[in-house]
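In our numbering, the protein residues as written are 83 to 417.
Written as structure tokens, this is what we have:
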């Protein structure tokens with residue numbers, strides 16, 4: 083292809099390419115070829131502008147709609163925190179922002195102020211449940227958070243709502259199962275507020291109770307379990323075996339039979355504990371409890387933390403001396 087180098091007779095003369103002259107008719111053809119490319123660029127820019135405009139409008143609408151189901155929680159001496167209307171008479175907030183058991187008040191979207199009663203709290207998850215007279219607007223919830231999902235952190239630490247935008251960076255597993263880590267900026271009073279997805283459903287409750295340097299949220303599914311337990315029992319009921327545990331790899335023959343690579347070895351057994359009473363010993367490896375495989379700690383906690391198993395005799399499947407055995411054990415309640 084020729085290269086244009088100069089105009090020998092001034093700016094009105096046709097530009098010269100090596101080996102040929104680019105005439106005015108040829109220039110018009112070049113312009114004709116470039117026109118759709120310029121149009122496409124402008125069209126793309128307009129489309130991108132429209133996209134961001136629609137995204138911005140959508141986020142603003144979500145914040146506005148979510149705000150109707152958020153309350154200001156006055157449960158401590160300093161500034162207020164936020165709360166999520168879980169049911170028309172139930173509010174969920176962060177446990178660390180409730181420093182008193184009585185005299186708790188909430189402020190609603192319409193400017194009303196209402197008395198709230200503390201039903202119970204789960205300090206392990208930083209969740210507190212409040213009971214109110216009723217008539218509030220509950221939000222809808224989702225249980226499918228995904229890494230990379232665009233989210234809004236929405237709060238009502240005062241009479242007005244506040245919001246920040248970010249993404250989910252980690253969906254917790256293991257000891258952090260049921261927790262979400264995000265990159266949203268948490269302002270004072272955001273604890274107890276909602277983490278909301280692009281469809282307007284609440285994915286979790288934001289909290290700064292565990293870390294000042296990381297933005298964490300308790301997932302909606304975990305919260306719902308806590309709410310049900312506290313409303314039924316007034317406190318969290320957690321199962322208890324009385325053992326120290328360490329995840330270990332199973333011998334290949336046993337792993338092949340169980341279709342499971344790891345189990346939980348008892349590294350200690352407390353005196354007079356449910357485990358000791360059942361005849362379980364240090365060195366035993368737990369591979370299942372009540373029919374549920376226990377390859378990791380979180381899988382065991384899921385079984386123990388089910389309130390309907392406390393006080394119930396279940397089968398502990400263990401590996402002892404290279405043999406798989408079934409041992410009945412009664413699950414105790416953790417004090």
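Every residue, glycine too, gets a C-beta built ideally from N, C-alpha and C. For clarity, every value in this text was computed on a predicted model and none was experimentally measured.
- The beta carbons of residue 180 and residue 157 sit about 4 angstroms from each other, so the pair counts as a contact at 8 angstroms.
- Using a C-beta cut-off of 8 angstroms, the stretch 282–302 makes no contact with the stretch 188–200, since fewer than three inter-stretch Cβ pairs fall below that distance.
- No residue range can be given for residue 417, since it is assigned to no beta strand (DSSP E) and is classified by DSSP as neither H nor E.
- C-alpha of residue 161 to C-alpha of residue 155: approximately 9 angstroms in a straight line.
- In this structure, DSSP gives residue 179 a helical state, which the three-state scheme calls helix.
- Boundaries of the beta strand (DSSP E) around residue 370: 367–371.
- Relative to the Cα of residue 319, the nearest Cα in the group 327, 310, 228 belongs to 310.
- Close CB contacts of residue 220 within its chain, under the 7 angstroms cut and outside five residues either way in sequence, are with 151, 167, 168, 169, 170 (chain order).
- Around the Cβ of residue 399, a 10 Å sphere holds 16 or more other Cβ atoms; the residue is buried.
- Nearest C-alpha to residue 411 among 324, 307, 209: 324.
- Contact between residue 208 and residue 272 is ruled out by a C-beta separation of about 13 angstroms, above the 8 angstroms threshold.
- The continuous beta strand (DSSP E) containing residue 399 extends over residues 395–402.
- One alpha carbon belongs to residue 404, the other to residue 365, and they sit about 11 angstroms apart.
- Burial check for residue 304: the Cβ neighbour count within 10 Å reaches 16 or more, so the residue is buried.
- Excluding the 5 residues flanking it on each side, residue 395 has same chain C-beta neighbours closer than 6 angstroms at 410, 412, in chain order.
- Taking a contact as a CB-CB distance under 8 angstroms, the pair residue 279 and residue 231 counts as one, their CB atoms being some 6 angstroms apart.
- Annotation for residue 222: 283 place their beta carbon closer than 6 angstroms to its own, counting only its chain and skipping 5 residues before and after.
- Cβ neighbours of residue 377 within its own chain (closer than 6 angstroms, five residues either side excluded): 342, 344.
- Apart from sequence neighbours up to five positions away, the residues of its chain that approach residue 348 with a beta-carbon distance below 8 angstroms are 325, 326, 327, 357, 362, 363, 364, 365, 366, 367, 368, ordered along the chain.
- Going by C-alpha positions, residue 276 is about 14 angstroms away from residue 306.
- In the assembly as shown, residue 227 is a buried residue. Its beta-carbon has 16 or more other beta-carbons within 10 Å.
- When DSSP reads this structure, residue 308 sits in no beta bridge, so it has no partner.
- Sixteen is the threshold: when 16 or more other Cβ atoms of the shown chains lie within 10 Å of the Cβ of residue 164, as they do, the residue is buried.
- Sequence-distant partners of residue 245 (beyond 5 residues in either direction) whose C-beta falls short of 7 angstroms from its own C-beta, in its chain, are 145, 234, 235, 236.
- Secondary-structure assignment with DSSP links residue 187 through a beta bridge to 156, 197.
- Here residue 339 carries a helix assignment [DSSP, helix/strand/coil].
- Taking the Cα of residue 346 as reference, the smallest distance to any Cα among 131, 136, 264, 402 is reached at 402.
- Within the stretch 235–299, the runs of beta strand (DSSP E) at least 3 residues long that lie entirely inside it are, in chain order, 244–253, 261–264, 276–278, 284–289.
- Boundaries of the beta strand (DSSP E) harbouring residue 408: 405–412, taken from the DSSP string.
- Counting the other CB atoms within 10 Å of its CB gives residue 241 a total below 16, which places it among the exposed residues.
- Just so you know, the alpha carbons of residue 392 and residue 415 end up roughly 6 angstroms apart.
- Burial state of residue 239 is buried, judged by a 10 Å Cβ sphere holding 16 or more other Cβ atoms.
- The three-state reading of DSSP puts residue 130 in helix, counting H, G and I together.
- Ranking 295, 243, 388 by CA distance to the CA of residue 264 puts 295 first.
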